[in-house]
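All remarks here apply to the structure that follows.
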Amino acid sequence: MRSAGYKHAVFEVVPPSRPSRSRGVSMAGFHDHGPVPKAMRAIPHPAVTLALDFGPGRIVADDATGRRRGSLVAGLAFEDLRVSGRDVEVVQVRLSPVVAYSVLGASPADLQGAVVALDDLWGRDAERILERLSEARSWQDRFALTDDVLARRREAERPGRSVPPEVARAWDRIMRSCGRIQVETLAAEVGWSRKRLWSRFRSHIGLTPHRAAKLVRFHHAAHRLAAGHSPALAAAESGYYDQSHLHRNVQAFTGVTPVTLADEPFLAVDDIAWPGHAPPVTRTDRQ
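Here's what the structure looks like:
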């Protein structure tokens, strides 16, 4: 368990003691110990986000479509999402889009980057799970409970919810290459035409292969910026043509400049919450 401060807010960040038994699933616990001075910008990342909000407070999530309180699901490449709250306790789960449909009951393509209430997807099951989380005695117990629930949902997967192996392989290659792979190369590797890969990938993942690669590359660059690297260096490390190319991509995903992005609190705790999932970002001036 570690704490990370941002202005007047202090977050308790807890990673699980062991990885999930389900491939493509990672989780972390968050508990704020002070009011967030203003809504924080959520930074897009290459995963579908499930937030299980079981504490006395409630998450407040605002985007272009309105405001939601409590447990939620955010699709890939969400836009202008702001999060606030007080005395909030959350188990946050990041789901690879390859497994998201079998776990959530809604595919990344159905979500289309939107933020939806968990009740809308799971109905009364959501209430029962949150009640059990609130009764658990420790964070590790909550992680074990969450992992069990997600595994059982995957085991009960119905026909039509699985991602074709070619699409799963293409997503894995995009992730392993940090977004530096051409669509033509992906199509050749999975044995499909470029047109077929484009169509099937989008129908299952919710993004085209090209936009998925841009999202993964942005994710890598954002962590380089948060680690204190200059925009020019972060651009070179992340495979951009130049600093201007990075600037355009950052603005497209967040609406802010690379310099502003570097100080976003959501990035400041990523290497504590998700060790090994992205380049380290923790800096001594944020402790």
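In the UniProt record's numbering, the protein residues as written are 1 to 287. Even glycine gets a Cβ: it sits at the ideal position worked out from N, Cα and C.
- R142 is classed as buried because its beta carbon has at least 16 other beta carbons within 10 Å across all chains shown.
- Rounded to the nearest whole angstrom, the CA to CA distance from S162 to D110 is 14 angstroms.
- A117 and M27 have their C-alpha atoms spaced approximately 19 angstroms apart.
- By the C-beta criterion, the segment 40-53 is judged to be in contact with the segment 66-73, since at least 3 inter-stretch pairs fall below 8 angstroms.
- No Cβ-Cβ contact shorter than 8 angstroms links D62 with R41.
- In this structure, the alpha-carbon of K38 lies about 16 angstroms from that of L267.
- At the C-beta level, P46 and H219 come within 8 angstroms of one another.
- Shown here, H229 sits in coil according to DSSP, grouped into three states, outside any helix or strand.
- If only uninterrupted alpha helix (DSSP H) runs of at least 4 residues are considered, those enclosed by the UniProt domain "HTH araC/xylS-type" (172-264) are 183-190, 194-205, 209-226, 231-237, 243-254 and 258-261.
- The beta carbon of L130 is closer than 8 angstroms to those of L52, D53, F54 and S71 in its chain, skipping five residues each way along the sequence.
- In this structure A64 does not touch G113 by the C-beta definition: roughly 10 angstroms separates them, more than the 8 angstroms allowed.
- Around the CB of P19, fewer than 16 other CB atoms lie within 10 Å, so the residue is classed as exposed.
- Distances from the alpha-carbon of V14 to those of D87, G85 and D32 put D32 closest.
- Counted as a single uninterrupted DSSP element, the stretch harbouring V73 is not any alpha helix (DSSP H) but the beta strand (DSSP E) occupying residues L72 to A74.
- In this structure, the beta-carbon distance from P16 to Q140 falls below 8 angstroms.
- If the five residues before and after V99 are omitted, its C-beta is found closer than 6 angstroms to the C-beta atoms of G24, all from its own chain and listed in chain order.
- The beta-carbon separation of F11 and V90, rounded to 10 angstroms, does not stay under the 8 angstroms limit for a contact.
- If the five residues before and after H247 are omitted, its C-beta is found closer than 8 angstroms to the C-beta atoms of P231, T257 and P258, all from its own chain and listed in chain order.
- Closest by C-alpha distance to E79, out of G239, Q243, A212 and V115, is V115.
- Around the beta carbon of R128, a 10 Å sphere encloses fewer than 16 other beta carbons of the protein chains shown; the residue is thus reported as exposed.
- The segment 150-157 makes no contact with the segment 186-193: fewer than 3 CB pairs, one atom from each, lie closer than 8 angstroms.
- In terms of Cβ geometry, S107 and H204 form a close pair [threshold 8 angstroms].
- Of G66, A227 and F253, the smallest CA-CA separation from A212 is found for F253.
- Positions of the alpha helix (DSSP H) runs, each at least 4 residues long and wholly inside the segment 61-116, are given as 97-104 and 108-111 in order along the chain.
- At the C-beta level, L215 and L207 come within 8 angstroms of one another.
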